[in-house]
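Number of protein chains: 2
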Amino acid sequence: MTDIFEALAHPVRRAVLKKLRAGPMSAGDLADAFPVTKPTMSRHFAALKDSGLIRAERIGTTIRYRLNVSVTEDAVAAVMGLLGAGKDDEDGENSHER
Amino acid sequence: MTDIFEALAHPVRRAVLKKLRAGPMSAGDLADAFPVTKPTMSRHFAALKDSGLIRAERIGTTIRYRLNVSVTEDAVAAVMGLLGAGKDDEDGENSHER
DNA sequence: ACGCTAATTAGCGTCAATGCTAAATAATAG
DNA sequence: CTATTATTTAGCATTGACGCTAATTAGCGT
């Protein structure tokens, strides 16, 4: 489980999350929407999946990625914690399932 | 003004923001709170300042850093945008090279 | 089994981030 | 002006991220 913030640090990965807001999408369709090669996109997917922000489901030969809302909510909470809204125990590398 | 998310990507920088929630702090005091050298901390401060997340004010020989709440709020809004709460125009940037 | 499509992994080059030590700047005190 | 303290900048090494092409795995259909 790598860092959520690290996953959010790359503009392409954030754009992938944005696209997935509309609903699940296949790796190929997702990759076609960006000006980088599929292998490169695959590594971005891996980073997002590793952080827990997205999930993968194999359908046939295709892999369908979808947003993992609960983890995205954690990211929101963490950033809000940096603001000062919370008590004092934010950014605590919580555990998530995949 | 570099990317806010890039600034948030490093654990030390997030911890600095967390510390600054309690109020402004000098570069030296801030640096003493982390297990890295002052020059290294200085570069973390520069990254945070460059992203707009913190602001610097020279007091005498010391420099006082403080949280820039409005930009932190922007970060929260951006992450919430990734979730899907907003309409569809978040994370307004389409550049992907560095 | 063979071929086709979808996606990932392997291998490589390049460039930026991170850390250090040493030197430079900024401001104050004497 | 010199000394001292606070902080940053310069220079260097190491590591990791990112992108590519080529090769590999996975599943389906014939």
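As they're listed, the protein sequences go chains A and B.
Residue 171 in my numbering sits at position 65 of the first sequence, and the numbers go up by one each step.
Residue 125 in my numbering sits at position 19 of the second sequence, and the numbers go up by one each step.
Using N, Cα and C, we set each Cβ at its ideal position, and we do this for glycine too.
- Sequence-distant Cβ neighbours of I169(B) in its own chain, meaning closer than 6 angstroms and more than five residues away, are A133, A162.
- The three-state secondary structure of A162(A), taken from DSSP, is strand.
- Contacts with chain B (Cβ-Cβ distance below 7 angstroms) from the segment 150-174 of chain A involve no residue at all.
- Annotation for R149(B): the continuous alpha helix (DSSP H) segment containing it runs 144-157.
- Counted as a single uninterrupted DSSP element, the beta strand (DSSP E) harbouring R172(A) occupies residues 169-173.
- Look at M186(B) here: in three-state DSSP terms it is helix.
- Just so you know, the alpha carbons of A184(A) and P130(B) end up roughly 20 angstroms apart.
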